[in-house]
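Chains as they are written, first to last, in my numbering: chain A, 82 to 564; chain B, -18 to 272. Note sheet for the following structure.
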């Protein structure tokens, strides 16, 4: 007897897409001189035309943000700024069904992730920061912390609306105005957010959204009219921005991903660990912040764990991201698929053993099956470069010291996972791992109150919590360092 | 009164070396440079550190990092307080060295040394306060215990201020090491002997080898090696002139070092905790709550 899943799709009709979208500058939408198409990575269907922001567009957006900063937002009492942020939080929640479908259409992420995680968190992020807006003097950054000014924010495609919330909510709460550049492949949720700003009667120019590709992002990050740059994306681009900001004196935060180690000790609850591994790197096809791409398993349970993991991987559902039963959606873009495929091929070429879950991949769209590499040496590219896809490397360790050494032998340091029932060992591992977030007996948890951000080349600055406010505050008279 | 200038006595002069991994060594290059006092007179030769010396110092600092950062805050506080105790016993020596390096009166020099000792004690007291001031519990919306804790960034390259040879020197070393970082210090070019004398104090106080490494020489020669070094996690540019500081900040972006550039440094004012905070990371730890 064979059971089949019944199709359980969220209604596409929840979303009313326009044919084309302008840029959101100074409180209203306006078309630009050139456009590009944004597609659904699951079907390659064109969703809408989006405006490609040019030098003039970015100039206008920065000028609008500056005007709003000087005339309205920086002088408004914190309590009033908070009111707007509370409104935005509520509007996000009210429109969550529509926005999660929109996000899934444009990004390829499974609806379960966007509907049950990304959207609730994005709304919660605004709600959390709304409450800070009139309490900044108690946040530990001096009695009268001031905003920085205008922030240019360039975000990635892995969790578009959630990253937008991470960037915009603290910036606005602290009294800054923003120019946001969403990722080329996922502009639609940011444009929907711009509508929400209108519905909330947010003063014009406080939030500006300029869509475009990497060149538009460069224009935003390098704009001389900014006081602050916040960037989520690749380490290479992040370093370019860091070089530019070193000379301009702009404040900077970077969130650049990593190659997180997920350490499973011999005494771990294997079932829970397997679910954590699945959540960490295969669910949402590895398109998550801090994906646990390097699995380190203590030798006695290595074979059992790999077997259990492969069994579980074959029960994942890959396919239509709008289907509530889908675990693994579409890879965000053809470029990202090519990158994953190239790195996976290099893993085989360098001598690692590849196993992919046996899935029939859809004919159209960008797909990569959940894949495990064993026999991976520390020097293989597959284990050292950020991949942002449903690919896991597995290596064994004998002692906790070895686990820490392997886990830390990376240029990055965004996140790490630990699976053990032994409290003292857990504490020791957590204290020795060089990563900004340590998930112990859990993985991939996020919360507006919990600071997130990396050590070393995973970037600097934190997003979320009291700590995240520092990235958007000036502390006059305290000799604020340029970090 | 000058200790080395007592009438009729031929003083035994100290040979000034680098301080790397707890050992006083010559530059691997064999080079030295003349150090002159404020009056232009010859004071001593100091080792002219090379890029290789800088790399050796980074290796020593990295080797010391697990032990120093893994020590309890209480222990670090005890060790650093011992430094102040030893320094107190050498007030006259340091005051004389400051006087000769800068040309100020013995009284002013003594005041600077006392201020430096006070600054060291001030930072020492921070060792077991940082975690509570910078860390805390996060009220997340789920059944988890969630805490954020400050941790040291790692190996910090410190370019000591050029204009405040004693007070400035301790004001940049102490905030980095009190939280568990280990440092490679490039001494003031004009007054490097004080840094070597301080290294002697650190050794006498049994600060573990490699926690503080001292290089003397030309900032423009040594600092670029440190700014480019892939195993240095942060750099304090206090002692780099503007144009060089810009270059170093750009170089430091190569591995995203934390760059500390404080403005308007008045070394005599109480510093505030910002410099100390600038070489900290924040680690957030999640653990589920369950029965």
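Backbone N, C-alpha and C fix where the C-beta goes; we use that ideal spot for every residue, glycine too.
Problem - Within 7 Å of chain A by C-beta, residues of the stretch 215 to 229 of chain B in sequence order - result: Hits within the stretch, in order: 227.
Handout entry: Contact residues within the stretch 185 to 200 of chain B, judged by C-beta distance below 8 Å to chain A
Key = The stretch 185 to 200 of chain B vs chain A, Cβ under 8 Å: nothing.
Problem - Contacting positions in the stretch 528 to 542 of chain A - beta carbon closer than 9 Å to chain C - result: No chain C appears in this structure, whose protein chains are A and B.
Problem - residue 229(B), enclosing alpha helix (DSSP H) - first and last residue - result: Boundaries of the alpha helix (DSSP H) around residue 229(B): 223 to 233.
Problem - Cβ-heavy atom distance, residue 548(A) to the ligand ZN, below 7 Å - result: As for the ligand ZN, it is missing from this structure, which has no ligand bound.
Problem - Proximity test, Cβ basis, 8 Å: residue 237(B) and chain A - result: Yes, residue 237(B) counts as interfacial toward chain A.
Exercise for the section: Could you work out which residues of chain B lie near residue 156(A), taking near to mean beta carbons separated by less than 7 Å? Expected result: None at all; the shortest Cβ gap to chain B is about 25 Å.
Problem - Cβ pair residue 96(A), residue 166(A) closer than 8 Å - result: No, Cβ-Cβ distance for residue 96(A) and residue 166(A) is not below 8 Å.
Practice task
Please classify residue 233(A): does DSSP put it in a helix, a strand, or coil?
Solution key: If DSSP states are grouped into helix, strand and coil, residue 233(A) belongs with the strands.
Problem - Beta carbon of residue 164(B) nearer than 8 Å to that of residue 188(B) - result: Going by C-beta atoms, residue 164(B) is not nearer than 8 Å to residue 188(B).
Problem - Spatially closest choice to residue 201(B) from 178(B), 229(B), 217(B), by CA coordinates - result: Per the Cα distances, 229(B).
Handout entry: Whole-number beta carbon distance between residue 517(A) and residue 534(A), since they are thought to touch under 8 Å
Key = For a cut-off of 8 Å, the C-beta gap from residue 534(A) to residue 517(A) is around 5 Å, short enough to register as a contact.
Problem - Pairwise C-alpha distance: residue 307(A) and residue 161(B) - result: Here the alpha carbons of residue 307(A) and residue 161(B) stand approximately 35 Å from one another.
Exercise for the section: Locate the alpha helix (DSSP H) running through residue 142(B), then write down its first and last residues. Expected result: Note, residue 142(B): premise wrong, no alpha helix (DSSP H); not H, not E.
Practice task
Look up residue 75(B) in the DSSP assignment and give the residues it is bridged to.
Solution key: DSSP, once it has assigned bridges, lists no residue as partnering residue 75(B).
Practice task
Quick one: give me the first and last residue of the alpha helix (DSSP H) that residue 213(A) is part of.
Solution key: Judged by DSSP secondary structure, residue 213(A) falls within the alpha helix (DSSP H) whose first and last residues are 200 to 213.
Exercise for the section: Examine chain B for any beta-carbon lying closer than 8 Å to the beta-carbon of residue 320(A), and answer yes or no. Expected result: It does; some Cβ of chain B falls within 8 Å.
Problem - Among 471(A), 496(A), 459(A), 465(A), nearest to residue 483(A) - alpha-carbon criterion - result: Comparing alpha-carbon positions, the option among 471(A), 496(A), 459(A), 465(A) lying closest to residue 483(A) turns out to be 459(A).
Handout entry: Whole-angstrom distance between residue 105(B) and residue 92(B), CA atom to CA atom
Key = Taking the straight line from one Cα to the other gives about 20 Å.
Handout entry: Close-in-space but distant-in-sequence residues of the same chain around residue 93(A) (CB under 7 Å, 5 per side omitted)
Key = Only 182, 403 meet the Cβ criterion.
Problem - Cβ-Cβ separation, residue 18(B) to residue 82(B) (assumed contact under 8 Å), whole Å - result: Contact check for residue 82(B) and residue 18(B): beta-carbon distance about 6 Å, within the 8 Å limit, so the pair qualifies.
Exercise for the section: Along the beta strand (DSSP E) that carries residue 289(A), what are the first and last residues, could you check? Expected result: Bounds of the beta strand (DSSP E) holding residue 289(A) are 288 to 290.
Handout entry: Given residue 125(B) as reference, the closest of 551(A), 554(A), 512(A), 525(A) once Cα atoms are compared
Key = The residue among 551(A), 554(A), 512(A), 525(A) with its C-alpha nearest the C-alpha of residue 125(B) is 525(A).
Practice task
Could you list which residues in chain B have their beta carbon closer than 7 Å to that of residue 548(A), in chain order?
Solution key: By Cβ distance, chain B contributes 129, 263.
Practice task
Under the assumption that residue 409(A) contacts residue 398(A) (Cβ atoms under 8 Å), give the Cβ distance between them as a whole number of angstroms.
Solution key: Their Cβ separation, rounded to whole angstroms, is 7 Å, which keeps residue 409(A) and residue 398(A) in contact under 8 Å.
Exercise for the section: Determine whether the Cβ of residue 34(A) lies closer than 8 Å to any Cβ atom of chain B. Expected result: Past the boundaries of the shown model lies residue 34(A); chain A is included only from 82 to 564, so the question cannot be answered.
Exercise for the section: Excluding the 5 residues preceding and the 5 following residue 231(A) in the sequence, name in chain order all residues of the same chain whose CB lies nearer than 8 Å to its CB. Expected result: Closer than 8 Å at the Cβ level, and outside the excluded window around residue 231(A), lie 143, 146, 147, 150, 257, 258, 259, 260, 306, 307, 308, 309.
Exercise for the section: Can you check the stretch 491 to 547 of chain A for any beta strand (DSSP E) of at least 3 residues that lies completely inside it and give the ranges in chain order? Expected result: With a minimum length of 3 residues, the continuous beta strand (DSSP E) runs that stay inside the stretch 491 to 547 of chain A are 496 to 500, 518 to 521.
Exercise for the section: May I ask you to list, following chain order, the residues of the stretch 213 to 230 of chain A that have a beta carbon less than 7 Å from some beta carbon of chain B? Expected result: If the cut-off is 7 Å between Cβ atoms, the stretch 213 to 230 of chain A has nothing near chain B.
Problem - Contacts around residue 80(B), its chain only, beta-carbon distance under 6 Å, and the 5 residues preceding and following it disregarded - result: Around residue 80(B): 87, 90.
Problem - chain B contact residues for residue 517(A), given Cβ-Cβ distances below 7 Å - result: Those are 262, 263, 264, 265, listed as they occur along chain B.
Practice task
Indicate whether at least one CB of chain B lies closer than 8 Å to the CB of residue 327(A).
Solution key: Yes, contact with chain B.
Handout entry: N- and C-terminal bounds of the alpha helix (DSSP H) containing residue 104(B)
Key = Going by DSSP, residue 104(B) is part of the alpha helix (DSSP H) stretching over 87 to 105.
Exercise for the section: Using a Cβ cut-off of 8 Å (strictly closer), state whether residue 144(B) contacts chain A. Expected result: So no, residue 144(B) is outside the interface.
Exercise for the section: Assign residue -7(B) to one of two classes, buried (16 or more other C-beta atoms within 10 Å of its C-beta) or exposed (fewer than that). Expected result: Around the beta-carbon of residue -7(B), fewer than 16 other beta-carbon atoms lie within 10 Å, marking it exposed.
Handout entry: Residue from 129(B), 204(B), 133(B) whose Cα sits closest to the Cα of residue 33(B)
Key = 204(B) is the residue among 129(B), 204(B), 133(B) whose C-alpha sits nearest the C-alpha of residue 33(B).
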